[in-house]
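Numbering (our numbering), first residue to last: 6 to 361. This report refers to the structure that appears directly beneath it.
Right under this line is the structure:
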C-alpha cells in the first residue's frame, strides 16, 4: 500500500473506512497489468495475470485505455457480475492506477430512493387528486347547501304568504291548528262591477288590476297589524285580533278599510276609478288549518257569515259595519246610521256607514 500514490491511498483508505469494497490495478506503459490487489474477488482481479494486457482480460475496459486526461472518473459502470463500480484512473510516472470502488450498495440505495421518490410522487399525485376531488365535493356540497338554503327560504316565504307567522311555526311543529277566538273583527271587500269590466279589458289588464288590489291589501295588513286570510275571485277577506288577541281590533280594521278604499281609487279599471264594497262585523270565530297538500288557514262562524252578507249589501264605495263593530269603535269614529236591513239567512240587521 505504501507504494501507491498518495491520492490512490486516500481513496482506498476512505472506502475501507466507510466499509466499501475496493480493488486496484497498476497498468504499465504497454497497458499490461503490473500489479493487482484489493478485497473484492468477484471483480475477477484474482484471476488476472500480471504482465498481460488489461483489455484482453477485462472486456468492459476495452476502449477505455489509454485515457487522454488523468485523473479520470467513470461513475456507475455495470460489471459482468451484475454489480456496479466507480472507476478512477490516476497517473503515476509511466504507469496508470485503476481503482474499482464498489458502488453496488449506493446503486441499490439510489434505486430504493428513486423507488421511494416514485412512490412518493404517486402518493402526492394521489393526494392531489383526492384533494381536488374533495374540493369538488365540498364545492358541490356548498352549492347544494346554498340551493337547499334558498329553497328553504323560498318555502318559508311561501308559507308566510299563506299563513300568519305564529301559525306557520305551530304547523311546522306538527301541531293541529284549531283555535277559538272570542273577539275579532272580520272584513270582506270586493271590486264593484268587476265581472263586466273584466269582460271589456281582457285577461292581462284584469290580472294587473287584481294584483294591484291584493298587493295594496297585503301592504295595509302589515301596516295595521291585520291578517289577510284569503282572496275569493275579486274579493279579499281580512281579520284583526288573531292569531294574537288585541283590544283595538275593530279600530285597526276600520283604519284598514278606509286606507284600502283610498288606495284603490288611485288606479283605473276600464276607464273608471276602482270602487269597493266593504263590510265589517265583530264577534267570535273559529280559526284553523285545513287540508294536507294544499292546506289553508281559514275562519268559520256566524261572525264570518254576517261580515260577508254586510259586504254584499253595501253600496259602491261604501264601508258598512255592524252594530257590534260600531260599539267597539267608540267616539273616535263618526258613523252614519242606516235603516235596519233584511239580510239573507240572518234577518233584520242594524248597520252603520263608515264615512271617509
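Cβ coordinates follow ideal geometry from the N, Cα and C atoms, glycine included. Computed from a predicted model, the values in this text were never measured in an experiment.
In this structure, residue 284 sits away from residue 255, with a CB-CB distance that is not shorter than 7 angstroms. Taking a cut-off of 8 angstroms on C-beta distances, the stretch 212-226 does not touch the stretch 292-307, as fewer than three cross pairs fall below it. Put simply, the backbone Cα of residue 132 is about 19 angstroms away from that of residue 119. According to DSSP, residue pairing for residue 93 in a beta bridge involves 78, 104. Beta-bridge analysis with DSSP links residue 191 to 244, 286. With contact defined as three or more Cβ pairs closer than 8 angstroms, the stretch 263-278 and the stretch 153-172 are not in contact. Between the alpha carbons of residue 212 and residue 286 lies a gap of roughly 29 angstroms. In the DSSP assignment, residue 32 forms a beta bridge with 38, 101. Bounds of the beta strand (DSSP E) holding residue 327 are 323-327. Counted as a single uninterrupted DSSP element, the stretch harbouring residue 299 is not any beta strand (DSSP E), since DSSP gives it neither H nor E.
Residue 330 sits buried, since 16 or more C-beta atoms from the chains shown fall within 10 Å of its C-beta. Residue 318 and residue 183 have their C-alpha atoms some 30 angstroms from each other. For residue 278, the secondary structure class from DSSP, reduced to helix, strand or coil, is strand.
Segment contact: the stretch 109-123 against the stretch 49-60, fewer than three CB-CB distances shorter than 8 angstroms; contact not assigned. For the 7 angstroms CB-CB criterion, residue 214 and residue 274 form a contact. Inter-segment contact for the stretch 332-346 and the stretch 238-258 is present: three or more beta-carbon pairs are separated by less than 8 angstroms.
The beta carbon of residue 293 is closer than 6 angstroms to those of 182, 183 in its chain, skipping five residues each way along the sequence. Between residue 348 and residue 357 the beta-carbon gap is near 14 angstroms, outside 8 angstroms, which marks them as no contact.
Non-local beta-carbon contacts of residue 308 in its own chain, meaning distances under 8 angstroms to residues more than five positions away in sequence, involve 189, 191, 286, 287, 288, 289, 290 in chain order. Between residue 206 and residue 282, the CB-CB gap reaches or exceeds 7 angstroms.
Rounded to whole angstroms, the separation of the alpha carbons of residue 99 and residue 105 is 20 angstroms.
Shown here for residue 77: same chain residues with a beta carbon closer than 7 angstroms to its own, the five before and five after excluded, namely 94 in chain order. The beta-bridge partner set that DSSP reports for residue 237 consists of 240.
Residue 179 has its alpha-carbon roughly 26 angstroms from the corresponding atom of residue 149. Here residue 232 carries a strand assignment [DSSP, helix/strand/coil].
The C-beta distance from residue 234 to residue 244 rounds to 6 angstroms, short enough to meet the 8 angstroms contact threshold.
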